[in-house]
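There are 2 protein chains.
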Amino acid sequence: MDNFSFYNPTRIEFGKGKEQLAGQILAEHGIKKVLLTYGSERIKRDGLFATISKSLDKHGIAFVECGGIVSNPLLSKVREAITVAREHKVEAVLAVGGGSVLDSSKAIAAGTLYQGDVWDLFLRKAPVEAALPVFAVLTLAATGSEMNAGAVVTNEVTKEKFAIQSPHTFPKVSIVNPALMQTVSRDYLVYSAADIIAHSIEGYFTATVQPKIQSRLVESVINTVIETTDALLADPLDYNARAEFAWAATLALNGVTYAGTAGFGYPNHMIEHSLSALFNVPHGAGLSVVMPAWMKWYHGRNPSQFERFAKQVFGLATAEQGIAALEQWFDKIGTPTRLSQLGITAADLPAILDNLQGNAQWFGLAEIYTQDVLAEILKAAL
Amino acid sequence: MDNFSFYNPTRIEFGKGKEQLAGQILAEHGIKKVLLTYGSERIKRDGLFATISKSLDKHGIAFVECGGIVSNPLLSKVREAITVAREHKVEAVLAVGGGSVLDSSKAIAAGTLYQGDVWDLFLRKAPVEAALPVFAVLTLAATGSEMNAGAVVTNEVTKEKFAIQSPHTFPKVSIVNPALMQTVSRDYLVYSAADIIAHSIEGYFTATVQPKIQSRLVESVINTVIETTDALLADPLDYNARAEFAWAATLALNGVTYAGTAGFGYPNHMIEHSLSALFNVPHGAGLSVVMPAWMKWYHGRNPSQFERFAKQVFGLATAEQGIAALEQWFDKIGTPTRLSQLGITAADLPAILDNLQGNAQWFGLAEIYTQDVLAEILKAAL
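Residue numbers (the UniProt record's numbering), protein chains in the order written: chain A, 1 to 382; chain B, 1 to 382.
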């Protein structure tokens with residue numbers, strides 16, 4: 001077990017009706033004016049916006065709206081919101097949405113207090129030294145952004161999908177009401193399942209130090225995701241399955257399962273970031289394509305852990321059987337496992353490989369993931 | 001899954017050599033003068049005290065010592081330390097020890113800022129509204145006190161063993177170096193194993209709402225404890241086993257495994273607290289006696305979960321087999337399973353039952369745990 005620091009000060013308010021606490025929670029933190037960020041106008045149709053604005057009104061908290069944040073959130077939008085945040089002198093950001101809204105909000109929160117251009121922080125030209133406090137009402141469980149300090153944003157001009165991470169960008173409080181997720185589309189449910197599994201396996205398979213207790217925790221998360229996804233596909237209104245799925249998403253990337261793990265990378269995310277930066281594919285859909293191909297290429301480097309995965313997750317004997325079972329499960333639930341399903345063909349590979357050069361540098365994986373290796377993995381995913 | 005709030009702001013600094021950071025960490029928090037609490041003089045003989053005092057000196061932090069805290073820590077000592085803390089106007093408490101030192105330190109931290117007598121807080125006559133910041137260097141992994149807000153103290157006059165819990169009593173930072181635990185005695189290792197298992201099973205078996213993901217996490221903890229205890233009995237210097245054991249202890253009671261769980265009680269702790277209040281038995285030793293007897297009495301109330309336990313922990317089929325396997329494992333590792341091993345006989349039962357009346361009230365379990373029920377459980381443990 002490697003030395004580690006664990007620190008996660010985010011308070012989670014989890015359960016039915018918790019979104020009604022938004023105003024009270026902001027008031028507890030002394031906030032009088034907030035930037036309310038969101039994605040589509042759906043929250044206005046389904047009543048969530050009304051619930052939250054009523055709660056803010058009740059506690060005398062003024063808010064400025066910034067909607068229109070898209071999946072694979074864009075730098076241009078972050079910059080626009082920073083301008084709004086500064087103009088209106090907001091004291092906090094309240095993100096209402098899924099991972100894209102949360103990630104954008106963290107970037108807005110950090111960018112508002114940074115003198116230069118916010119993209120500098122993503123390029124690591126400057127560290128994140130301060131951020132407005134971020135609060136969240138989660139409407140999609142997948143990225144774990146509700147309880148971590150990370151934020152991934154796409155620069156649509158340079159086609160770079162990079163991240164920031166800082167103790168300043170932990171949400172202060174995240175409200176997670178699984179009932180709000182009952183209207184998530186079938187597609188986004190299965191993409192989310194793939195995303196959570198991807199968060200779980202990056203460390204699990206690639207760490208040079210992987211404590212057994214952490215493998216057990218990761219398997220608890222993965223088994224829960226598989227079981228609850230199946231349950232939700234059968235009955236989207238199964239509250240308990242929705243809740244366990246959401247808590248699994250949080251646990252997959254809040255640091256608990258990664259404590260004491262060392263020497264790991266995020267190769268699946270590295271590859272997927274190029275797919276979504278270039279083709280704007282849903283992150284989870286890209287991951288379910290990348291993972292089986294990557295696993296087939298990688299498993300010989302860590303055979304015992306792949307055997308463990310096969311046994312603990314699928315009750316199977318060999319690494320190959322475990323990988324095949326995961327791919328079959330992705331096929332069964334309807335998340336893509338082939339680039340062709342994303343509309344990507346062999347003709348696109350050169351562009352992806354080109355984009356991956358920068359990504360591999362950014363992720364610190366350029367040594368292992370040469371252009372030849374990446375081409376091999378991508379070809380296996382066609 | 002029940003609604004829940006999760007908040008745990010304690011930073012964990014885990015691993016080899018981390019105790020050298022003590023001074024730096026206190027300095028980061030602006031502390032200039034600290035009460036250094038500890039148990040026996042062992043930390044002076046083994047060099048830990050020297051390491052920490054050197055680290056404090058280096059950062060210009062003055063300290064006042066308060067040693068002599070015993071297992072099942074005493075209210076009289078807490079009161080004495082509060083007097084010292086006030087006299088010397090310390091700004092924080094630095095606990096160097098195991099659960100007893102940490103729990104005492106939280107009580108000292110809260111009591112120093114409370115106008116009345118500290119025991120009022122344990123009797124719930126007043127809430128904990130403030131506390132000095134608490135820092136810790138853990139030398140024994142068992143109670144989970146390093147990453148939770150609870151503190152259990154014994155009033156040796158009234159023979160009451162009660163607890164406080166408040167957002168103010170989370171340690172700010174806890175240093176957990178498993179290498180410091182390599183000198184823990186064989187007895188205290190196995191008592192600690194029993195304590196961690198007890199923390200794990202109270203919710204697991206008694207909750208009226210027990211999410212399956214949480215059962216999986218609890219089983220991850222228990223399986224790790226069993227495996228690493230066996231490894232440490234074979235080789236006390238097995239650092240990795242020591243580290244996984246320590247992290248399991250933290251996870252068992254830092255709130256992660258209890259999130260979304262509802263309607264549970266702490267019946268095993270309730271019964272054990274009377275044993276240690278009256279006979280000063282080691283807490284973990286008391287628990288390993290109580291648990292099998294309690295399980296035999298209780299399992300019919302939650303048969304499916306006991307079957308799950310048998311299967312997931314011991315690979316066995318029935319509730320009875322699982323309980324027997326746990327008892328046999330306790331026997332094998334050498335932690336007691338009978339009251340007689342603690343020197344307690346049938347003649348002592350009336351006094352225990354009498355003490356348990358107040359305990360059952362305090363734990364909110366008086367309705368189920370009548371004198372008859374408690375007598376039945378205790379007789380089964382003779």
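Ideal Cβ placement from N, Cα and C applies to all residues, glycine included.
Any idea what DSSP makes of residue 369 of chain B, helix, strand or coil?
-> For this step, residue 369 of chain B is matched to residue 369 along the second sequence. Reduced to three states, the DSSP call for residue 369 of chain B is coil.
Considering residue 205 of chain B, what are the terminal residues of the alpha helix (DSSP H) in which it resides?
-> As a working mapping, residue 205 of chain B is identified with position 205 in the second sequence. Looking at the DSSP string, the run of the alpha helix (DSSP H) that includes residue 205 of chain B is 186-206.
Note down, in chain order, all residues in the region 200-227 of chain B with a beta-carbon under 7 angstroms from any beta-carbon belonging to chain A.
-> 211, 212, 213, 216, 217, 220, 223, 224
Candidates A/346, A/135, A/139, of which the one nearest residue 29 of chain A by Cα = One-based indexing of the first sequence puts residue 29 of chain A at position 29. The residue with the shortest Cα to Cα distance from residue 29 of chain A is A/135.
Reduced DSSP category for residue 6 of chain A - H, G, I as helix; E, B as strand; rest coil = Locating residue 6 of chain A in the first sequence gives position 6, counting from the first residue. Here residue 6 of chain A sits in strand by DSSP.
When we look at the beta-carbon of residue 216 of chain A and count the other beta-carbons within 10 Å, is it buried (16 or more) or exposed?
-> On the first sequence, residue 216 of chain A is found 216 positions in, with the first residue counted as 1. Counting the other CB atoms within 10 Å of its CB gives residue 216 of chain A a total of 16 or more, which places it among the buried residues.
Does the Cβ of residue 293 of chain A have 16 or more other Cβ atoms within 10 Å, making it buried, or fewer, making it exposed?
-> The residue given as residue 293 of chain A occupies position 293 in the first sequence. That one is buried.
Those residues which DSSP pairs with residue 38 of chain A across a bridge = The count along the first sequence starts at 1 and reaches residue 38 of chain A at position 38. According to DSSP, residue 38 of chain A bridges with A/96.
Checking contacts by CB at 9 angstroms: is residue 150 of chain B closer than that to chain A?
-> Indexing the second sequence from 1 puts residue 150 of chain B at position 150. Closer than 9 angstroms: no.
Using a Cβ cut-off of 7 angstroms, which residues of the region 229-244 of chain B contact any Cβ in chain A, in chain order?
-> 240, 243, 244
Which residues of chain A have a Cβ atom closer than 8 angstroms to the Cβ of residue 11 of chain B, listed in chain order?
-> Your numbering for residue 11 of chain B matches position 11 in the second sequence. Within chain A, 5, 6, 7 have C-beta atoms less than 8 angstroms from the C-beta of residue 11 of chain B, given in sequence order.
For the putative contact between residue 34 of chain A and residue 80 of chain A, defined by C-beta atoms under 8 angstroms, what is the C-beta separation to the nearest angstrom?
-> Walking along the first sequence from the start, residue 34 of chain A turns up at place 34. Walking along the first sequence from the start, residue 80 of chain A turns up at place 80. About 17 angstroms separates the beta carbons of residue 34 of chain A and residue 80 of chain A, which is beyond the 8 angstroms limit, so they are not a contact pair.
Under 8 angstroms between beta-carbons, which chain B residues line up against residue 247 of chain A? List them in chain order, please.
-> Sequence index remark: in the first sequence, residue 247 of chain A carries index 247 (1-based). Within chain B, the residues near residue 247 of chain A are 1, 211, 213, 259, 260.
Sort out for me which residues DSSP pairs residue 62 of chain A with in a bridge.
-> Position 62 of the first sequence, counted from the first residue, corresponds to residue 62 of chain A. Paired residues: A/33.
Could you pull the start and end residues of the alpha helix (DSSP H) that residue 330 of chain B belongs to?
-> Within the second sequence, numbered from 1, the residue matching residue 330 of chain B stands at position 330. For residue 330 of chain B, the uninterrupted alpha helix (DSSP H) run begins and ends at 319-333, by DSSP.
Using a Cβ cut-off of 9 angstroms (strictly closer), state whether residue 373 of chain A contacts chain B.
-> The residue labelled residue 373 of chain A in the question sits at position 373 within the first sequence. It does not; no Cβ of chain B falls within 9 angstroms.
Outcome for residue 41 of chain A when other beta-carbon atoms lying within 10 angstroms are tallied against a minimum of 16 = Residue mapping note: residue 41 of chain A aligns to position 41 of the first sequence, counting from 1. Classification of residue 41 of chain A: exposed, given that the 10 Å Cβ count is below 16.
In terms of residue numbering, what span does the beta strand (DSSP E) encompassing residue 154 of chain B cover?
-> Here the question's residue 154 of chain B lines up with position 154 in the second sequence. Here the beta strand (DSSP E) through residue 154 of chain B covers 150-155.
Report the residue from B/253, B/114, B/19, B/111 whose alpha carbon sits nearest the alpha carbon of residue 149 of chain B.
-> Position 149 of the second sequence, counting from 1, holds the residue named residue 149 of chain B. Just measuring C-alpha positions, the residue of B/253, B/114, B/19, B/111 sitting nearest residue 149 of chain B is B/253.
Name the chain A residues whose beta carbon is nearer than 7 angstroms to that of residue 54 of chain B?
-> Here residue 54 of chain B corresponds to residue number 54 of the second sequence, with the count starting at 1. Under the 7 angstroms cutoff, chain A gives no residues; its nearest Cβ is about 20 angstroms from residue 54 of chain B.
Output, in chain order, the set of chain B residues within a Cβ distance shorter than 7 angstroms of residue 256 of chain A.
-> Within the first sequence, residue 256 of chain A is the residue found at index 256, counting from 1. By Cβ distance, chain B contributes 256.
Show which residues of chain A have a CB atom less than 8 angstroms away from the CB atom of residue 23 of chain B.
-> Taking the second sequence and counting its residues from 1, one reaches residue 23 of chain B at position 23. Per Cβ cutoff of 8 angstroms: no residues; residue 23 of chain B is ~17 angstroms from chain A at best.
So, do the region 171-191 of chain B and the region 229-237 of chain B have three or more beta carbon pairs nearer to each other than 8 angstroms?
-> Yes, the region 171-191 of chain B touches the region 229-237 of chain B.
Look at the Cβ atom of residue 313 of chain B, then the Cβ atom of residue 202 of chain B, and state whether they are nearer than 9 angstroms.
-> On the second sequence, residue 313 of chain B is found 313 positions in, with the first residue counted as 1. On the second sequence, residue 202 of chain B is found 202 positions in, with the first residue counted as 1. Their beta carbons are not under 9 angstroms apart, which means residue 313 of chain B does not touch residue 202 of chain B by this criterion.
Would you give the residue range spanned by the alpha helix (DSSP H) that residue 20 of chain B belongs to?
-> By 1-based counting over the second sequence, the position of residue 20 of chain B is 20. From DSSP, residue 20 of chain B is part of no alpha helix (DSSP H); its letter is neither H nor E.
Own chain partners of residue 380 of chain B with C-beta closer than 8 angstroms, once the 5 adjacent residues on each side are dropped | Sequence index remark: in the second sequence, residue 380 of chain B carries index 380 (1-based). Excluding positions up to five away in sequence, the list reads 293, 296, 297.
In chain A, which residues lie with their C-beta within 9 angstroms of the C-beta of residue 358 of chain B?
-> Numbered from 1 along the second sequence, position 358 holds the residue referred to as residue 358 of chain B. In chain order: nothing, as chain A lies at least about 34 angstroms away.
Exposure label - residue 261 of chain B; buried when at least 16 CB within 10 Å = As a working note, residue 261 of chain B is residue 261 in the second sequence. Around the beta carbon of residue 261 of chain B, 16 or more other beta carbons sit within 10 angstroms, so the residue counts as buried.
Inter-residue Cα distance where the pair is residue 131 of chain B and residue 37 of chain A | Translated into the one-based positions of the second sequence, residue 131 of chain B becomes position 131. Translated into the one-based positions of the first sequence, residue 37 of chain A becomes position 37. Straight-line spacing of the CA atoms in residue 131 of chain B and residue 37 of chain A works out to 37 angstroms.
Using the DSSP secondary-structure output, state which residues sit across from residue 161 of chain B in a beta bridge.
-> Numbered from its first residue, the second sequence carries residue 161 of chain B at position 161. In the DSSP output, where bridge partners are listed per residue, residue 161 of chain B has B/154.
Buried or exposed (CB count within 10 angstroms, at least 16 for buried), residue 272 of chain A = Residue mapping note: residue 272 of chain A aligns to position 272 of the first sequence, counting from 1. So residue 272 of chain A ends up on the buried side.
So is residue 195 of chain B buried or exposed if we call it buried at 16+ other beta carbons inside 10 Å?
-> Here residue 195 of chain B is taken as the residue at index 195 of the second sequence, counted from 1. By the neighbour-count rule (16 or more Cβ atoms within 10 Å), residue 195 of chain B is buried.
Does the beta carbon of residue 116 of chain A sit closer than 9 angstroms to a beta carbon anywhere in chain B?
-> For the purposes of this step, residue 116 of chain A is taken as residue 116 along the first sequence, with counting starting at 1. Not closer than 9 angstroms to any Cβ of chain B, the Cβ of residue 116 of chain A fails to qualify, so no.
Can you find at least 3 beta carbon pairs, one from the region 68-77 of chain B and one from the region 164-180 of chain B, that sit closer than 8 angstroms?
-> no
Tell me whether residue 303 of chain A is buried or exposed, calling it buried when 16 or more other Cβ atoms sit within 10 Å of its Cβ.
-> Working through the first sequence from its first residue, we reach residue 303 of chain A at position 303. Its Cβ having fewer than 16 others within 10 Å, residue 303 of chain A is exposed.
Would you say the region 42-58 of chain B touches the region 14-30 of chain B, given that touching needs at least three Cβ pairs under 8 angstroms?
-> yes
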